[in-house]
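Residue numbers (the working numbering): 163 to 653.
These notes concern the structure reproduced below.
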Ligand code: ADP
């Protein structure tokens, strides 16, 4: 409730004010002298002070000065007689808000008080807004420095660039990981800031985010293996504002992975020869060369041979994978007539397709230039894709190879009208050992290594693999190999 203090030595004025202002619903208290008024002011937070200038003892002017020290925000309205208008003006100069001359009519008093209270309300509102703004600014400043501290302390390297490739932000971990002598200067172009030949490819990748791609790539810098995750930063309209690159040191993981791969390679290698010999000997027995084999024996030995064959396939895939992971991939580049190579793949897999009554076709669109690639590696890619097509397509289906130029890439599509892959499984089929498990795939044998091998080989040729599939309709695997690089023989 609004509270008003009236300080006047004339009782009639005090009573008049109490009556008139009380009717308006304001709480009114009075004091007959300056001393009493000041005492009350110290005890209660009044909204408005009506102060008589001419009082015995402490004068109004003195009270006003004390009030300005004590409660600078308190609004003071001076009550003054005709003769002292000048001193009222003095009082206004000393900080009073308004004045009213005695004698006054009730309406005059009401108007003056109401105006003062409105001013008070506005003042309060303005104070509140200022406090809010200051609080907001403090929070923003706090947030900014919090984020800065977090980025500064991160163990991962952080690099932010704008859409033109200027360095906007980086942290000490980045400088350390990239083995830089000094911090890259902010505002400089990335190429100029990061002068390191090994990082050329990395810088190029950051520029590629302009196309909206998120890229994860390993970068090797001075013995460290770093995993770079480069993501575009988009504005409200979806436009690309720049890129955020996070570098993580994965050297330890890499070393452990290498040890694991070495171990797997060693074990697989040791197992391959004896297993191949077991398979061979089973074939000899099954062929009846050592004597007649009855139907029960035939069935059991046949199953044993099948299992041995599957184990050998797994071992071969494991060995292939560890060779690729150790970097033994794309070792012999040569210009390859892609159509001829695909014809050979079709020839090799024809018996497998015929056994299931599957039509296996190859078509080429336009004139295809010879492409620089590792023939052995690429044959493995298409053998894996086509044999998957045959494996995962029911009898009497079809598997079609289509090769064409698409923009700056050579595109080989292996399409089938088989069982297809569900949207949940699709993102995982290129993971090592991942196999889709459902009623349709239960009886189909495999290792779950075919597609990861395909992906690694294609990526080593700087290409990409993509898949489009619909359960019950079929799948299309597309391999893209860059023609530009191929023509220059830079693969
Ligand atoms: P696998 O040895 O099991 O075939 P892959 O790595 O070659 O291993 O393939 C992984 C999984 O992807 C397979 O288990 C299969 O479920 C699915 N898949 C691959 N190719 C096809 C295809 N053409 N049609 C349907 N599913 C496929």
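We treat Cβ as the ideally placed atom computed from N, Cα and C, and that holds for glycine.
Return the bridge partner residues of residue i from the DSSP annotation.
| i | result |
| --- | --- |
| residue 329 | 323 |
| residue 573 | 566 and 642 |
| residue 285 | Partner(s): none; residue 285 has no beta bridge. |
| residue 379 | 390 |
| residue 632 | 636 |
| residue 214 | 241 |
| residue 535 | 496 |
| residue 262 | 241 |
| residue 275 | Beta-bridge pairing links residue 275 to no other residue. |
| residue 626 | 642 |
| residue 404 | 324 and 395 |
| residue 561 | 522 and 578 |
| residue 409 | 319 and 390 |
From residue i to residue j, what does the alpha carbon distance come to, in whole angstroms?
| i | j | result |
| --- | --- | --- |
| residue 450 | residue 593 | 42 Å |
| residue 235 | residue 227 | 13 Å |
| residue 627 | residue 570 | 15 Å |
| residue 378 | residue 568 | 24 Å |
| residue 241 | residue 218 | 15 Å |
| residue 279 | residue 374 | 59 Å |
| residue 392 | residue 553 | 37 Å |
| residue 317 | residue 440 | 52 Å |
| residue 485 | residue 590 | 22 Å |
| residue 429 | residue 596 | 21 Å |
| residue 417 | residue 299 | 48 Å |
| residue 460 | residue 609 | 26 Å |
| residue 285 | residue 176 | 27 Å |
| residue 200 | residue 297 | 34 Å |
| residue 173 | residue 198 | 14 Å |
| residue 328 | residue 524 | 48 Å |
| residue 433 | residue 576 | 33 Å |
| residue 405 | residue 334 | 18 Å |
| residue 397 | residue 295 | 26 Å |
| residue 462 | residue 581 | 30 Å |
| residue 169 | residue 185 | 19 Å |
| residue 482 | residue 615 | 8 Å |
| residue 291 | residue 229 | 25 Å |
| residue 425 | residue 511 | 32 Å |
| residue 455 | residue 470 | 19 Å |
| residue 436 | residue 345 | 57 Å |
| residue 287 | residue 211 | 20 Å |
| residue 301 | residue 308 | 10 Å |
| residue 399 | residue 368 | 21 Å |
| residue 314 | residue 514 | 59 Å |
| residue 618 | residue 304 | 46 Å |
| residue 492 | residue 644 | 15 Å |
| residue 521 | residue 638 | 16 Å |
| residue 209 | residue 165 | 5 Å |
| residue 180 | residue 255 | 27 Å |
Where do the ends of the beta strand (DSSP E) carrying residue i lie?
| i | result |
| --- | --- |
| residue 445 | Note, residue 445: premise wrong, no beta strand (DSSP E); alpha helix (DSSP H) at 413 to 448. |
| residue 167 | 165 to 169 |
| residue 482 | First-last for residue 482: 457 to 487, but that is the alpha helix (DSSP H), not the beta strand (DSSP E). |
| residue 522 | 521 to 526 |
| residue 191 | 189 to 193 |
By the DSSP assignment, the alpha helix (DSSP H) with residue i in it spans what residues?
| i | result |
| --- | --- |
| residue 223 | 222 to 232 |
| residue 614 | 612 to 622 |
| residue 501 | 500 to 516 |
| residue 106 | Past the boundaries of the shown model lies residue 106; the chain is included only from 163 to 653, so the question cannot be answered. |
| residue 353 | 352 to 355 |
| residue 253 | 247 to 255 |
| residue 337 | 334 to 339 |
| residue 201 | 196 to 205 |
Pop quiz: residue i and residue j are said to be a contact at Cβ under 8 Å. What is the actual Cβ separation, rounded to whole angstroms?
| i | j | result |
| --- | --- | --- |
| residue 196 | residue 225 | 4 Å |
| residue 551 | residue 578 | 4 Å |
| residue 548 | residue 507 | 6 Å |
| residue 253 | residue 266 | Actually they do not touch by this definition, with Cβ atoms about 16 Å apart. |
| residue 340 | residue 383 | 6 Å |
| residue 533 | residue 583 | Between residue 583 and residue 533 the Cβ distance is about 28 Å, and since that is not below 8 Å, they are no contact. |
| residue 561 | residue 574 | With 8 Å as the limit, residue 561 and residue 574 do not qualify as a contact, their Cβ atoms being about 13 Å apart. |
| residue 438 | residue 474 | 6 Å |
| residue 388 | residue 381 | 5 Å |
Within 7 Å (strictly less), CB to CB, does residue i reach chain C?
| i | result |
| --- | --- |
| residue 205 | Absent from the structure: chain C. Only one protein chain is present. |
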